[in-house]
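**Q** Numbering (our numbering), first residue to last: 1098 to 1230.
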């Protein structure tokens, strides 16, 4: 799994995670799944299956950081037990900005590019005609 609930502890304190989730791991998994799905939407030209199946040091560190920001934002949307939302919103916005920059090609992270099957595309056109007036 690309990101685990334990790894969110770099972004939220244990007591905050416990207060938000009431020790329900499904809420953490849902936030992580939502964050990964959101990131995948921006990274369509990359091999997202390979990217998000990576574990440990195989993962892109910056992407991991931003997916944690996205997951944290999705998790704190459940409830706000004394969490500084402004800071979290800024981090979420920064993560989305980065993903948009990657999507547009302004930033090129070290991520595996999706392979395109050329056999599925047919190219062609009509025969050129000449018009005489």
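All C-beta atoms in this analysis are idealised placements derived from N, C-alpha and C, irrespective of residue type, glycine included. All figures in this text were calculated on a predicted structure; none of them were measured in a lab.
1. Any contact of the segment 1154-1164 with the segment 1098-1105, i.e. 3+ C-beta pairs under 8 Å?
2. Based on the DSSP output, what are the partners of residue 1143 in its beta bridges?
3. Just confirm the distance between the C-beta atoms of residue 1144 and residue 1205, as a whole number of angstroms; I'd bet it's less than 8 Å.
4. What three-state label does DSSP hand residue 1225 in the structure shown?
5. Between the Cα of residue 1121 and those of 1175, 1207, 1198, 1208, spot the shortest distance and give me the residue it belongs to.
6. Decide if the segment 1126-1139 is in contact with the segment 1192-1203; the criterion is three or more beta carbon pairs, one per stretch, under 8 Å apart.
7. Can you tell me which of 1123, 1184, 1108, 1155 puts its alpha carbon nearest to the alpha carbon of residue 1207?
8. Buried or exposed for residue 1224, please, with buried defined as at least 16 other CB atoms from any protein chain shown within 10 angstroms of its CB.
9. Which value, in whole angstroms, describes the spacing of the CA atoms of residue 1170 and residue 1185?
10. Give me the residue from 1182, 1183, 1146, 1108 with the minimum Cα distance to residue 1098.
11. Measuring CB to CB, does residue 1182 end up less than 8 Å from residue 1135?
**A** Reading from the atomic positions:
1. yes
2. The residue labelled residue 1143 in the question sits at position 46 within the chain shown. 1210, per the DSSP bridge assignment.
3. In the chain shown, counting from the first residue as 1, residue 1144 sits at position 47. In the chain shown, counting from the first residue as 1, residue 1205 sits at position 108. That belief does not hold up - the Cβ atoms of residue 1144 and residue 1205 are roughly 14 Å apart, past 8 Å.
4. Counting from one through the chain shown, the residue named residue 1225 turns up at place 128. DSSP places residue 1225 in coil when its eight states are reduced to three.
5. Taking the first residue of the chain shown as position 1, residue 1121 is located at position 24. Checked all of 1175, 1207, 1198, 1208; the closest Cα to residue 1121 is 1175.
6. The segment 1192-1203 and the segment 1126-1139 touch, with three or more beta-carbon pairs separated by less than 8 Å.
7. What you label residue 1207 is simply residue 110 of the chain shown in a count that begins at 1. Closest by alpha carbon: 1155.
8. To locate residue 1224, count along the chain shown from 1; it is residue 127. Looking at its Cβ environment, which holds fewer than 16 other Cβ atoms inside 10 Å, residue 1224 is exposed.
9. Taking the first residue of the chain shown as 1, we reach residue 1170 at position 73. Taking the first residue of the chain shown as 1, we reach residue 1185 at position 88. C-alpha separation (whole angstroms): 6 Å.
10. In the chain shown, the residue the question calls residue 1098 occupies position 1. Among 1182, 1183, 1146, 1108, the Cα nearest to that of residue 1098 belongs to 1146.
11. On the chain shown, residue 1182 is found 85 positions in, with the first residue counted as 1. On the chain shown, residue 1135 is found 38 positions in, with the first residue counted as 1. Residue 1135 sits away from residue 1182, with the two beta carbons spaced by 8 Å or more.
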